[in-house]
Structure formats: structure tokens, C-alpha cells
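What the sequence shown shows, in the working numbering, is residues 16 to 354, in sequence order.
So the structure is just underneath, and the comments pick up after that.
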Amino acid sequence: MRNHEVTEVQPLLDSSGRIAEPGWARTPVWQYDRSRIKASKFRIKEWDHYFVMSEDHAAAFTLSDGGYVGLQSVSLLNFKEKWEHTETILTPIPMGKMQMPASSSEGNIIFKDKRLRLEFRVERGKRMISCDFKDFYQGKPFYCEIDLEQRRMNSIVTAAQRPGKNAFCYDQKINCMPAEGYMAYGNATYWFNPKKDYGTLDWGRGVWTYNNTWYWASGNGTVGGKPFGFNIGYGFGDTSAATENILFYDGKGHKLDDVTFYIPEGDYMKPWSFTSSDGRFEMEFEPILDRAAELSAFIVSLDQHQVFGRMSGKAVLDDGRFIELKDFRCFAEKVHTRY
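And the structure:
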């Protein structure tokens, strides 16, 4: 069944190591158990990625265990001055040593080395990001303390098979979390106001093949006095049971079908467009800043274009109500990895 909603709590994998019931859910009903995976530990990918954005600045934080390599990164973006910097630390052969939590709802992750201390902590109704990055950029350190309020609201959770033997992706995106706190870089301090700024969590566990390309776009804001956000994308697995495309309005999810990204060939800074098969997400996207990254180290490579800008167009809720967006701050990306 297309866009099959799963509501029963159950193990993620069956006895053969495949997704027991592919589909989507509003909460993480699937129970992830690393010991049930029927694939090499080198192929297991586990990550927590937070993105926090205001009108003028943003940050992204990643802690991950990719089997034979871990990738820990911090990004700072300044939209007014139109610059960004990402600093990445690769850790060899973590293979479970990161002790990534089996659930997005509990458990802390702490990474420390000689340059970076990055902590993700989860408490009831709150998520906390704490970072101390020495010599982050141009010899200057980066610090942050950010709290994200996780209200009672829907998220988008998907469980899908991926190409390859016993390959799968179990992913949760939580949008519209009010953000409060600060970031400090050099002599500048960047503040987040929970009345208008939001954070997003991308939480994933799975077994991936070596060569992958995905498309993802996400945005949060306030529309009509209510939190509004969206998550759209593809390339994370088999979407025959469900897509991860969804709108969020005042805490409730409104499921979408397929959404297609139209990216200008050869120039990511030209306008993009998005259209949906059900006519419920029709948008034009005006880029502001391209967080482009290329990485090549041993057998690991990355070609990333995460483009920040403004979305304008219409979105349609389940009950037929139109949400008109005008210059709505968001990002859209195309990423190709080999790792």
C-alpha cells in the first residue's frame, strides 16, 4: 500500500534482517536493535544531525558512526554576510564505539578529542546541543549552548529497504522545535529566539551501500501564528511503501505523496522548483547561500550542495486548507557520498 502508515509498536527487523513492516509513522513505533542486523558492521550507518536556523544565521551539527569511519562535523552559516564554514573530523573504525542510542527519544552522545567536544543530550521535552571547537576557522574557536523544545507533536518516521543485501534505512525527522541559546565565534555572538527560531533533528540508523545520492529539503517557521514546517526528499530507500514527504502545522503531520526537485543544471545558485504528484506542494526556491563541500580521504568521498534560501508557493493540508508561503527560509540539498 502506497504511503502505508504504521501504528503498531514492533521490532524494526524480522529474523532475516529485513524491515518487518515498511512504511511511515508519526512517532518511532519501530524498535531498532543493532544486534538483529544481518550485515557487516562495516556497513552500519548511525547518525544524529541537528540543524538550527534563524533569519540571519544557522548551524548544523553531526555525530555519526559509519562503521569503518566516523564523521563528526560542525557548520556555522552567516546569511547576512553570505559565508559559511564547515569543519569535519574523521574517526577511524568506530564500529559501534560511539554507542549511538537505539532510540531518538532517550540517550546522550558525547564526542571528545583534542579539538572538539560535541554533546547531544535528551531530557523530557528538551534536546540540548553543547559544543567547544578549538581552532574552528581562521584560528578562532567556536562555542554553543542551544536548547530545543520538543513539544507534543508529530514527526516523520520512515522504515525502508535499500538496494543491496539486508540494506535498510530507519529515519526520523523532527521539525519545528523552538530554539533558544547562543553561538560564539571570534568576537561575534549569535542568538536564537524560541519565539521565531526553530531546530530540526535528522536521526538515522541503517545499513547503506557504498555509493549513495539523496535529495532533501526542510524548513520551519511561523505561519498564521502557528508553527509550520515541511520535510521532503528521496534517495534514502525504497519509497513504494511510503515517502518521507510531509507538512507540519500546529503540531500535526499532513502526509504528501511524491515531490520532485528541479535543480538548474550546473548552477545550484539559480532558482529551483518543486512539484508534487498530488498537487499539494508547489514551490519556487530562491537560493541565498550554497554550503558546498567536497571531501576525499582514502575510500571516503563527499560531494554536497546544501543550498539555503527562500521558498514561495502553496502547500495544502489534509483538510484542503491552503498554506501560502512567501520568502519562507529553508534549505534544499543534493548530496553524493561514497563511504
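Beta carbons: idealized from backbone N, C-alpha and C, even for Gly.
Only a predicted model underlies this, so the values are computations on that prediction, with no experimental measurement involved.
Taking C-alpha positions only, residue 167 is separated from residue 140 by approximately 8 Å. Residue 133 has its alpha-carbon roughly 14 Å from the corresponding atom of residue 162. Taking C-beta atoms as the reference points, residue 78 and residue 113 count as a pair closer than 9 Å.
Around the beta carbon of residue 185, 16 or more other beta carbons lie within 10 angstroms, which makes this residue buried. Taking the Cβ atoms as the reference, residue 194 lies roughly 6 Å from residue 213, within the contact range of under 8 Å.
The secondary-structure analysis by DSSP pairs residue 235 across a beta bridge with 244. Contact annotation: residue 319 and residue 307 have beta-carbon atoms nearer than 9 Å.
The Cβ neighbour count for residue 135, taken over all protein chains shown within 10 Å, is at least 16; the residue is labelled buried. By alpha-carbon distance to residue 30, the top candidate from 21, 339, 51, 268 is 51. Residue 159 is bridged by DSSP to 146, 198. Closest in C-alpha terms to residue 146, from the list 125, 165, 152, comes 125. Boundaries of the beta strand (DSSP E) around residue 325: 315-331.
By the 16-neighbour rule on beta-carbons within 10 angstroms, residue 206 is exposed. Per the C-alpha coordinates, the member of 26, 191, 218 positioned closest to residue 165 is 191. Remark: C-beta atoms of residue 182 and residue 224 approach each other more closely than 9 Å.
Of all alpha-carbon atoms in 230, 261, 241, 264, the one lying nearest the alpha-carbon of residue 248 is that of 230.
Across the set 294, 293, 298, the C-alpha of 298 shows the shortest separation from the C-alpha of residue 287. Ranked by how close their Cα comes to the Cα of residue 280, the residues 314, 45, 349 have 349 in first place. Residue 310 and residue 103 do touch by the CB rule: their CB atoms are close to 7 Å apart, below 8 Å.
Between residue 111 and residue 56, the C-beta gap is smaller than 9 Å, which places the two residues in contact.
CA-CA distance, residue 302 to residue 324, rounds to 4 Å. Inclusion of residue 238 and residue 264 in the CB contact set at 9 Å is warranted, their separation being smaller than that value. Counting of Cβ neighbours within 10 angstroms places residue 157 among the buried residues, the total reaching 16 or more. Counting only the Cα atoms, residue 95 lies some 26 Å from residue 217. Annotation for residue 87: the continuous beta strand (DSSP E) segment containing it runs 84-93. Residues 92, 93, 94, 205 of the same chain have their beta carbon placed closer than 7 Å to that of residue 72, with the five preceding and five following residues left out of the count.
Nearest Cα to residue 269 within the set 275, 322, 333, 314: 333. Each of 155, 127, 203, 188 was checked against the Cα of residue 171, and the nearest Cα belongs to 188.
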